[in-house]
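Trainee: Residue numbers (the numbering used here): 15 to 371. Virtual Cβ for every residue (Gly too), placed ideally from N, Cα, C. On a predicted model such as this, the values are computed, not experimentally measured, just so you know. My structure is below; once you've seen it, I'll send some questions.
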Ligand code: F6P
């Protein structure tokens with residue numbers, strides 16, 4: 015790595031050195047970074063310019079669109095459509111892929127993004143983020159929706175921005191996961207967290223426990239064992255965190271380890287999970303794996319899931335490798351009938367449920 019402050023551009027020159035598409039991929043990532051700076055500026059204005067307001071409509075998932083959702087979406091499109099680097103884009107905010115202007119040359123990539131993840135938190139001034147995934151466009155013609163449906167393992171780059179006290183960009187081009195902090199005065203992303211490694215073991219989990227009664231037994235078992243702490247089979251106390259803004263929860267996992275779960279649940283049997291595969295789960299799974307962590311649906315490596323539709327949902331369990339492997343094992347044991355359902359030591363002999371039966 016070159017000496018001195020390593021800016022994103024310098025870093026990309028070094029990381030992509032020798033790659034045939036070095037200039038194009040670096041160019042697209044710099045365009046994405048420019049969009050992120052603009053979104054960071056808009057987010058930092060808070061309620062001053064009305065961005066916290068309801069935009070008056072719902073997105074394709076039936077979620078209320080905030081003005082900041084739409085602004086972030088527009089900023090991503092405007093920064094990335096003109097460079098001749100993308101052939102098409104897809105966003106959480108659009109039911110169908112977004113074409114590029116007719117007078118612009120088609121580029122070699124497809125860009126998929128969630129422009130403002132966790133935006134229901136915006137009015138509370140909680141950290142939100144942008145998640146992106148870069149795929150190769152498989153041919154020279156205009157892309158069809160089917161061209162986007164590539165498993166996460168085929169991503170050429172992925173990452174997220176977090177708009178917190180500092181704005182950070184965390185990305186991978188398949189050679190480790192690296193974090194950059196926005197130097198607002200200068201306008202540069204500076205490499206501050208090279209080669210992030212997620213500890214393999216951890217004692218922290220993140221899950222929305224209000225859904226507990228809808229979870230599958232293997233997830234109930236894992237969380238019950240964590241909650242039992244030092245008095246249970248794990249033999250140590252666990253901590254729980256839930257920010258309800260995926261990028262913020264994931265960023266914590268990258269910085270100090272832990273497990274993040276939005277597993278399959280039966281709250282709405284029509285949905286196999288809450289998070290979206292193509293612009294939430296897949297890019298974050300690549301970032302996590304490249305940082306030494308693991309990412310699964312519980313039954314399959316997340317990066318191997320082949321999307322069937324652009325806005326498909328998927329169960330997500332990712333973070334510290336040994337904990338994720340344990341949860342995957344609990345799913346396998348449940349599926350083959352060898353699991354050991356958890357009974358709290360407090361209730362083993364006189365279960366509250368049994369007492370009432
Ligand atoms: O998918 C959007 C999202 O806001 C994620 O960022 C976050 O992890 C999750 O939904 C929060 O879900 P819940 O509202 O169930 O806590």
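Does the region 318 to 337 come close enough to the region 274 to 292 to have 3 or more Cβ pairs within less than 8 Å?
Mentor: In short, these stretches touch, since the Cβ pair count reaches three.
Trainee: Short check: CB of residue 248 to CB of residue 239, under 7 Å?
Mentor: In contact: residue 248 and residue 239 (Cβ atoms closer than 7 Å).
Trainee: Are there 16 or more other CB atoms within 10 angstroms of the CB of residue 129, so buried, or fewer, so exposed?
Mentor: Buried is the call here.
Trainee: My understanding is that residue 114 touches residue 101, with C-beta atoms under 8 Å, so please give their C-beta distance in whole angstroms.
Mentor: Contact holds; Cβ gap of about 7 Å.
Trainee: Buried or exposed for residue 186, please, with buried defined as at least 16 other CB atoms from any protein chain shown within 10 angstroms of its CB.
Mentor: Looking at its Cβ environment, which holds 16 or more other Cβ atoms inside 10 Å, residue 186 is buried.
Trainee: Indicate whether residue 175 and residue 201 have their beta-carbon atoms separated by less than 7 Å.
Mentor: No, these two residues do not count as a Cβ contact at 7 Å.
Trainee: Rounded to whole angstroms, what is the Cα-Cα separation between residue 349 and residue 320?
Mentor: Each residue's Cα considered, the two are about 22 Å apart.
Trainee: Put residue 401 into one of helix, strand or coil per three-state DSSP.
Mentor: What the structure shows of the chain is the stretch from 15 to 371, and residue 401 is not part of that stretch, so it cannot be assessed.
Trainee: Mapping the DSSP letters down to three states, classify residue 176 as helix, strand or coil.
Mentor: In the structure shown, residue 176 sits in a strand (DSSP, three-state: E or B).
Trainee: Can you grab the Cα-Cα spacing for the pair residue 46 / residue 22, in whole Å?
Mentor: Rounded to whole angstroms, residue 46 to residue 22 spans 11 Å at the Cα level.
Trainee: Are three or more beta carbon pairs between the region 77 to 94 and the region 205 to 223 nearer than 8 Å?
Mentor: Flag = no, the region 77 to 94 and the region 205 to 223 do not touch.
Trainee: State the Cα-Cα distance for the pair residue 1 and residue 54, rounded to the nearest angstrom.
Mentor: No statement about residue 1 is possible, as the shown extent of the chain runs from 15 to 371 and does not include it.
Trainee: Check this for me: beta carbons of residue 316 and residue 346, under 7 Å apart or not?
Mentor: Contact flag unset, no.
Trainee: Under the DSSP definition of a beta bridge, which residues are partnered with residue 142?
Mentor: Beta-bridge pairing links residue 142 to 177.
Trainee: Between which two residues does the beta strand (DSSP E) carrying residue 192 extend?
Mentor: Taken as a continuous stretch (DSSP letters only), the beta strand (DSSP E) holding residue 192 covers 192 to 197.
Trainee: With distances taken Cα to Cα, identify the nearest neighbour of residue 151 among 170, 310, 242.
Mentor: Comparing Cα positions, the closest option is 170.
Trainee: Just to confirm, is the Cβ distance from residue 8 to residue 132 under 7 Å?
Mentor: No statement about residue 8 is possible, as the shown extent of the chain runs from 15 to 371 and does not include it.
Trainee: Spatial neighbours of residue 139 within its chain, please: CB distance less than 8 Å, with the 5 preceding and 5 following residues excluded, ordered by chain position.
Mentor: Result list for residue 139: 60, in chain order.
Trainee: Tell me which residues share the same chain as residue 344 and place their Cβ nearer than 6 Å to its Cβ, disregarding the 5 neighbours each side in the sequence.
Mentor: Excluding positions up to five away in sequence, the list reads 232, 235, 236.
Trainee: Taking only heavy atoms of the ligand F6P into account, decide whether any of them is closer than 6 Å to the Cβ of residue 131.
Mentor: Yes, the Cβ of residue 131 comes within 6 Å of a heavy atom of the ligand F6P.
Trainee: Tell me which residue opens and which closes the beta strand (DSSP E) that residue 264 is part of.
Mentor: Looking at the DSSP string, residue 264 is not in any beta strand (DSSP E); the run it does join, the alpha helix (DSSP H), is 260 to 270.
Trainee: Just reading off the beta strand (DSSP E) that residue 333 is part of, what are its end residues?
Mentor: Segment 330 to 333, the beta strand (DSSP E) holding residue 333.
Trainee: Is it right to say residue 19 is buried, meaning 16 or more other beta carbons lie within 10 angstroms of its own, or is it exposed?
Mentor: Looking at its Cβ environment, which holds fewer than 16 other Cβ atoms inside 10 Å, residue 19 is exposed.
Trainee: Which of helix, strand or coil does DSSP assign to residue 75?
Mentor: Of the three classes helix, strand and coil, the one that applies to residue 75 here is coil, per DSSP.
Trainee: Helix, strand or coil, according to DSSP, for residue 362 in the structure here?
Mentor: Here residue 362 scores only 42 on pLDDT, less than 50, and its place in the model is too uncertain to base an answer on.
Trainee: What's the C-alpha gap between residue 74 and residue 325?
Mentor: Taking the straight line joining both Cα atoms gives about 8 Å.
Trainee: Residue 293 and residue 134 look like a contact to me (Cβ under 8 Å); what is the Cβ gap, rounded to whole Å?
Mentor: With a Cβ gap of about 17 Å, residue 293 and residue 134 do not count as contacting.
Trainee: Looking at residue 258 and the ligand F6P, is the gap between the Cβ and the nearest heavy atom below 6 Å?
Mentor: Yes, the beta carbon of residue 258 sits closer than 6 Å to at least one heavy atom of the ligand F6P.
Trainee: Which residues in the same chain have their Cβ closer than 6 Å to the Cβ of residue 383, if we skip the five residues on either side of it in sequence?
Mentor: Past the edges of the chain, shown from 15 to 371, lies residue 383, and the structure says nothing about it.
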